[in-house]
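Below is one structure, written out as structure tokens, with a few remarks after it.
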Amino acid sequence: QEENVKIVLMNPNIASVQTNETGLKQADAVYFLPITPQFVTEVIKAERPDGLILGMGGQTALNCGVELFKQGVLQEYGVKVLGTSVEAIMATEDRKLFSDKLTELNEKIAPSFAVESIEDALKAAEKISYPVMIRSAYALGGLGSGICPDKESLLDLGTKAFAMTNQILVEKSVVGWKEIEYEVVRDAADNCIAVCNMENIDAMGVHTGDSVVVAPSQTLTNEEFQMLRDRAIKVVQHLGIVGECNIQFALHPTSLEYYVIEVNARLSRSSALASKATGYPLAFIAAKIALGIPLPEIKNVVTGKTSAYFEPSLDYVVTKIPRWDLDRFQHMSNRIGSSMKSVGEVMAIGRTFEESFQKALRMCHPSVDGFTSHLPMNKAWPAIVDLQKELSEPSSTRMYAIAKALDNKVSVDVIHKLTAIDKWFLYKMRSIVNMEKTLKEVNSETVPEETLRRAKQIGFSDKQIGKCLGLTEVQCRQLRQRKNIVPWVKQIDTLAAEYPAVTNYLYITYNGQEHDVKFDDCGVMVLGCGPYHIGSSVEFDWCAVSSIRTLRQLGNKTVVVNCNPETVSTDFDECDRLYFEELSLERILDIYQYEGCSGCIISVGGQIPNNLAVPLHQSGVKILGTNPLQIDQAEDRSIFSAVLDELQVAQAPWKAVSTLRDATEFANSVSYPCLLRPSYVLSGSAMNVVFTEEEMRKFLAEATRVSQDHPVVLTKFIEDAREVEMDAVAKAGRVISHAISEHVEDAGVHSGDATLVLPTQTISQGALEKVKAATKKIANAFAISGPFNIQFLVRGNDVLV
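Next up, the structure:
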């Protein structure tokens with residue numbers, strides 16, 4: 001748009017910011033169609049574009065573009081692929097072509113064979129010798145890949161891989177080596193820079209999407225760093241990449257031996273992380289390069305003063321931690337490997353690794369205090385824990401297992417041997433565990449100021465310190481403020497403060513002596529969604545971005561807090577001030593007070609901000625929209641059901657239960673099945689339909705664990721009912737806009753997993769009127785100001801909330 005180019009966008013994702021058709025439009029024409037050769041061909045026929053960009057839509061777009069090229073569609077309609085050519089894309093995606101290209105360069109790659117049958121795969125493994133690694137061609141997230149220690153595992157995994165692709169690569173396993181990544185940008189004139197260098201804390205064998213990652217690398221020597229940087233640039237130039245790409249290396253932990261693992265000739269999750277970690281807008285630069293603009297002529301939009309033809313310099317440490325939701329799936333192992341399982345990620349910024357690491361752990365799960373042995377969501381370790389197995393087998397809980405091992409005085413050498421994690425990281429983790437022990441040996445009266453300050457500098461939260469000292473989070477906050485231990489606001493300017501820069505990209509640290517910005521203008525705070533997880537994805541980013549843009553159009557300064565590098569809301573140019581920070585009570589209060597905000601919007605970020613409504617309100621934060629006390633009543637299942645009874649709004653028979661006896665008595669009185677629902681949860685977490693007393697025992701314990709501070713409600717489950725959703729906006733309790741949709745499936749399928757149609761297709765007019773009447777009553781009773789959703793059960797003309 002900036003270059004006055006007409007844009008035609010294809011994306012069937014209605015929740016994406018890029019498909020906005022109102023407000024600030026991202027494209028001149030938007031097609032909500034599948035990204036397949038058939039549909040793309042039809043759009044090309046209709047729109048007759050001059051060029052096509054493949055590198056912005058991930059693996060789906062890349063694979064589709066390659067297929068269009070092979071079918072001759074692009075040539076037939078004179079469509080030029082902008083940026084990296086299809087031939088170069090194929091050279092990175094086809095494992096044999098990739099191997100041949102690197103051989104031309106005399107570049108080091110793991111001994112490997114590209115094969116097209118399981119028989120050839122077995123022969124290749126015999127030549128290389130086990131263990132071997134297999135990788136699928138044209139695959140996303142390591143799909144179809146894995147480590148095969150023997151013939152049987154290769155037969156099993158290879159057969160599965162060939163069900164998804166016609167080619168796999170069998171290569172020497174380098175499990176235990178360091179995994180190092182570089183994000184590289186190159187233009188058509190062969191100007192080439194390495195924008196970001198990242199180190200996976202987890203060794204080779206764990207997909208980078210499932211690894212804890214730091215930027216810049218922390219354990220490489222200058223010789224190792226420069227060697228891999230030079231090789232990265234050489235490979236990218238030889239492949240003919242035009243735009244942005246990611247290159248991954250396996251580096252031997254004790255020598256200079258290395259292998260090139262793969263090149264992704266597109267923007268990826270690693271690209272989003274690198275872009276947010278450095279402040280260098282990779283997608284923006286890649287789009288300019290695709291239009292033929294050379295790097296030296298592109299301005300660094302973060303500083304507004306320098307050229308984009310430079311390599312960012314970081315004076316801070318970034319840590320990325322993946323978010324898994326494996327507990328949602330029965331019989332799903334929490335073990336991780338070369339095929340990605342995570343559904344989201346967070347990014348934390350600090351002046352030390354410890355500070356950044358602990359912040360990231362809390363960002364990932366609000367129930368986690370930091371680097372401790374306590375598992376997320378208040379889940380308990382088994383009665384007998386095989387620590388050796390927990391450490392040696394990568395899993396979604398391995399970081400907590402490391403904390404448990406360090407707590408049990410297991411040595412760094414032993415943990416290193418079991419995990420292959422560099423000792424430098426393990427020593428840093430040990431310093432966190434040692435600080436926790438130090439804090440537990442004192443109390444609020446005797447804790448030295450320097451100990452408290454040091455704890456904050458290595459990432460301890462007020463809540464975390466409070467638990468050690470026997471204080472509440474608020475009491476700990478007051479204690480450190482009395483000792484003048486306060487955080488500092490720092491800028492990300494891409495230049496490590498070497499040149500003057502005006503930037504709104506900020507983070508908070510206790511390792512500083514002054515603020516990098518002035519607080520001279522109050523604004524409206526908007527809380528983002530945090531990590532993507534089951535029940536929270538791009539739809540909340542769309543809500544946040546739409547809210548931010550509307551506020552700015554109305555002349556309000558915007559202050560955004562979020563920690564998800566994959567979101568548009570964390571783009572530096574979307575708001576007036578962006579804090580890449582924790583969505584926690586402590587951090588939001590810090591920012592709110594520094595910025596002197598006039599109010600805070602929590603309704604556009606999903607469940608994480610919503611859960612902070614009451615604590616923020618009690619701490620003096622002005623919540624814009626629905627009153628936090630009303631939000632609390634709506635979130636608390638027991639109070640909400642009682643209010644419905646008062647309003648005479650029909651609902652299924654219900655009871656708040658806290659013991660198994662209460663639950664079984666109620667279930668027997670109304671007859672099974674029953675619906676068990678905890679409070680303050682998202683996407684049906686620990687919500688279950690219960691058919692027997694045995695299931696009641698199991699599911700009640702789980703629901704009580706995730707909803708410890710609020711009652712669990714048991715409701716008679718209505719079978720053979722239709723489910724209808726009311727999405728609406730109200731002002732001071734009066735509904736001003738609404739939409740009613742219907743589930744294709746019967747009630748019992750979560751709305752996030754259901755197929756929805758709008759408008760409704762099988763619901764009678766009488767039932768719809770009852771839905772509207774109940775909505776008006778509820779909106780008025782809770783004095784709702786802002787967005788809300790109500791789910792109804794409909795059977796004939798009977799309507800229940």
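Position 236 of the sequence shown, counting from 1, maps to 236 under full-length UniProt numbering, and the rest follow consecutively.
Note that CB positions come from ideal geometry on N, CA and C, so glycine has one too.
Bear in mind that the values here come from a model prediction, so they are computed numbers and not experimental data.
- A Cβ-Cβ distance of about 26 Å is found for the pair I492 and V343, leaving them out of contact under the 8 Å criterion.
- One thing to note: M347 has its Cβ within 8 Å of the Cβ of L273.
- The distance from the Cβ of G55 to that of G243 is about 5 Å, consistent with a contact at the 8 Å cut-off.
- When the five nearest sequence neighbours on each side are left out, the beta carbons in the same chain lying within less than 6 Å of the beta carbon of Q651 are those of L644, L800 and V801, in order along the chain.
- Three or more Cβ pairs closer than 8 Å define a contact, and the segment 157-166 falls short of that threshold against the segment 187-205.
- Under the DSSP definition of a beta bridge, Y31 partners with M10.
- Note: E262 is bridge-paired with Q248 in the DSSP secondary-structure output.
- Between V81 and L52, the alpha-carbon positions lie close to 5 Å from each other.
- In the structure shown, the three-state DSSP call for E539 is helix.
- Restricting attention to alpha helix (DSSP H) runs no shorter than 4 residues, the segment 279-304 encloses them at 282-290, ordered along the chain.
- In the three-state reduction of the DSSP assignment, Y427 falls in the helix class, which pools H, G and I.
- For S751 and F371, the gap between their C-alpha atoms comes out near 34 Å.
- Excluding its 5 nearest sequence neighbours in each direction, R135 has C-beta neighbours in its own chain below 6 Å: S145 and L169, listed in chain order.
- Counting only unbroken stretches of 4 or more residues, the alpha helix (DSSP H) elements lying wholly within the segment 631-704 are 637-647 and 660-670, in sequence order.
- Taking the C-beta atoms as reference points, R430 is found no nearer than 8 Å to V442.
- Judged by beta-carbon spacing, N627 lies within the 8 Å limit of A783, meaning their Cβ atoms are closer than that value.
- Membership of G466 in the alpha helix (DSSP H) is indicated by the continuous run D462 to L469.
- Boundaries of the alpha helix (DSSP H) around F353: F353 to C364.
- The C-beta separation of S85 from G240 comes to about 6 Å, placing the pair in contact by the 8 Å criterion.
- Pairing R48 with V79, the inter-Cα distance amounts to about 8 Å.
- Judged by DSSP secondary structure, T509 falls within the beta strand (DSSP E) whose first and last residues are Y505 to T509.
- For G158, the enclosing alpha helix (DSSP H) has its first and last residue at K151 to F162.
- DSSP places R722 in the strand class (E or B) of the three-state scheme.
- About 14 Å separates the beta carbons of E745 and T760, which is beyond the 8 Å limit, so they are not a contact pair.
- Approximately 18 Å separates the beta-carbon atoms of A15 and E345; this is outside 8 Å, ruling out the contact.
- At a Cβ-Cβ threshold of 8 Å, S546 and I601 do not count as neighbours.
- DSSP links T472 through a beta bridge to no other residue.
- In the DSSP assignment, M133 forms a beta bridge with I147 and E171.
- Here the alpha carbon of E3 sits roughly 45 Å from the alpha carbon of I631.
- The beta-bridge partner set that DSSP reports for W488 consists of T509.
- Beta bridge pairing from DSSP links V318 with A215 and I349.
- Setting aside the 5 residues that flank it on each side, D407 is surrounded in the same chain by S373 and V433, each with a C-beta closer than 7 Å to its C-beta; the list follows chain order.
- Its chain contains V489 and F519 as the residues whose beta carbon lies nearer than 7 Å to that of Y594, once the 5 sequence neighbours on both sides are disregarded; these appear in chain order.
- The C-alpha of P615 is placed about 26 Å away from the C-alpha of L676.
- One Cα belongs to V690, the other to I763, and the distance between them is close to 27 Å.
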